[in-house]
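The sequence shown runs 129 to 517 under my numbering.
Presented below is the structure to which this report refers.
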Amino acid sequence: MIAFPPDLAGSVIEISRSALMNNYAFLRKKIGRNAVMSSVVKGNAYGHSIPVFVPLAESCGIRHFSVFSADEAWQVLRARTCDSDVMIMGSISDEALEWAVEQDVEVIIFDLERLGAVLAAARKMGKQARIHLEVETGMNRTGLEPVTLDQIQALLHEFSGSWVLKGVCTHYAGAESTGNYLRVRRQMKRFRDAVEELHALGLRPERQHTACSAAALSYPEATMDMVRIGIAQYGFWPSRETWMHHYLKKPGEPDPLQRVITWKSKVMSIKEVAAGEFIGYGTSYLASIPTRIATVPVGYSHGFARSLSNLGRVLVAGERVAVVGLINMNMMMIDVTEVPAVKRGDEVVLIGTQDGKEVSVSSFSELSQNLNYETLVRLPISVPRVVVD
Ligand SMILES: *Cc1c(COP(=O)(O)O)cnc(C)c1O
């Protein structure tokens, strides 16, 4: 065995337990005491890492997780430390349905073929499939058309004993934007109609759930029996509008959500560059005065977008400084001319706070024209995640 070097990576992502607990407490106040909070951990827990995040969420009381695919469900099952439930919202092949039934993983059903396949799998295995029916209400992505509900009922009747109806659900087409208000309202109405129809057909789903973070934060009546919370648990508002919706009700109060993630590196080396010299590859940055440059061992291969060349900001020695020159594959240069105290080994914050200053994912995202969601999920698996208080 060859020993690992003690310094594995150029950067580390810290996951804050206290921030997560704070966010759950805030969300719990919003949704009330009784609704189940399903923690959405697709996209490697929005970049926070399923193996690190799932046990942490469980230690904060979470007992239900939502994922997109069977492989993510497998990761949650491996990571969980108690008997938490897992629900697959999206992709699962017919072959994997048997696996899901075997593992008691809940699956969202959005078409008749899939319902037939999961019921056949359950019967074959002599187990009950745990299903949620997703009804089409106007997102027009996936979902059972209301006109097919009696076919669904017939199929369920044919396979009675092979299923448990864990829930009925839908997903809103943009609850994070007031521009979609009428569309969301119409979806709520259609959802209520579909639930009534199911009841009339003698089907009683255990839980009704429709809300993602934005809906849970902006439409209290969307909470129902369960909410599927992704971005907000990680400490981000789904959009500026969702934040304003909250802020205008409580003007002047500090942001109740705390970012769970901090991405940190260290100064790798420092160099003095004379006026008139270009910095890094090519001619994208000219030092017009004598300039002090610090190198940071993080580049686009680590998820720091190359489009942040000459644009990004990082924190070092408590100051916000500029990225200069092109982002390289494994490195970037920052201008520390105005921060003479900076020395090799000093902490550099790429996302997060340092001495009261913040580089937010959203500023980072806006500069690189990514959504918060996209920036987070792009943080590569190779950057180690560590839990801190
Ligand atoms: C991703 C997703 C969520 C969570 O969305 P957030 O905006 O991150 O809270 C909820 N429901 C479904 C179906 C999703 O795909």
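Where a beta carbon is used, it is the ideal one built from N, C-alpha and C, also for glycine.
Just so you know, these numbers come straight off a predicted model, no measurement behind them.
### Query
Cβ of Met217 versus every heavy atom of ligand 2: is any distance shorter than 8 Å?
Summarising the ligand content, the structure contains ligand 1 and does not contain ligand 2.
### Nearest-angstrom Cα separation, counted from Ala147 out to Leu205
Rounded to whole angstroms, Leu205 to Ala147 spans 24 Å at the Cα level.
#### Entry: Per-residue burial, Thr209 [other beta carbons within 10 Å of its own, 16 or more giving buried]
exposed
#### Entry: Same chain, Cβ closer than 6 Å to Glu273, neighbours up to 5 away in sequence not counted
The residues are Glu264.
### Message
Less than 9 Å between the C-beta atoms of Tyr300 and Ala245, yes or no?
### Response
Against a cut-off of 9 Å, the Cβ pair of Ala245 and Tyr300 comes out as no contact.
### Message
With H, G and I counted as helix, E and B as strand and the rest as coil, what does DSSP make of Asp353?
### Response
coil
### Task
Count the other C-beta atoms from every protein chain shown that fall within 10 angstroms of the C-beta of Asp383, then say buried if there are 16 or more, exposed otherwise.
exposed
### Query
Which word fits Pro333, buried or exposed, when buried means at least 16 other C-beta atoms lie within 10 angstroms of its C-beta?
buried
### Query
Looking at the unbroken beta strand (DSSP E) that takes in Ala257, where does it start and where does it end?
Ala257 to Glu262
### Task
With a threshold of 8 Å, establish whether the CB of Glu186 neighbours any heavy atom of ligand 1.
no
#### Entry: Own chain, CB closer than 7 Å to Val180, minus 5 neighbours either side, in chain order
Ile143, Arg513 and Val515
### Query
Just checking my contact of Val452 with Met461 at CB under 8 Å: how many whole Å lie between their CB atoms?
5 Å
### Query
From Asp213 to Ile389, what distance separates their C-alpha atoms?
25 Å
### Query
For Ser522, which residues from the same chain have a beta carbon less than 7 Å from its beta carbon, with the 5 sequence-adjacent residues on both sides left out?
The structure shown has nothing for residue 522, since the chain only spans 129 to 517.
### Task
Using 8 Å as the cut-off, classify the Cβ of Tyr174 as near or not near the heavy atoms of ligand 1, replying yes or no.
yes
### Reference Lys399; option with closest CA among Asp463, Thr306, Val442 and Gly427
Asp463
### Query
For Ser194, is the beta carbon positioned less than 8 Å from some heavy atom of ligand 1?
yes
### CB of His430 within 9 Å of CB of Gly138, strictly
yes
### Where Trp441 sits in the DSSP three-state scheme
Note on identity: in this sequence residue 441 is Arg, with Trp being the wrong assignment. DSSP places Arg441 in strand when its eight states are reduced to three.
### Message
I want to check one thing, is the minimum distance from the CB of Ala264 to the heavy atoms of ligand 1 below 8 Å?
### Response
The residue asked about is misnamed: residue 264 is Glu in this sequence, not Ala. Glu264: no, Cβ never under 8 Å from ligand 1.
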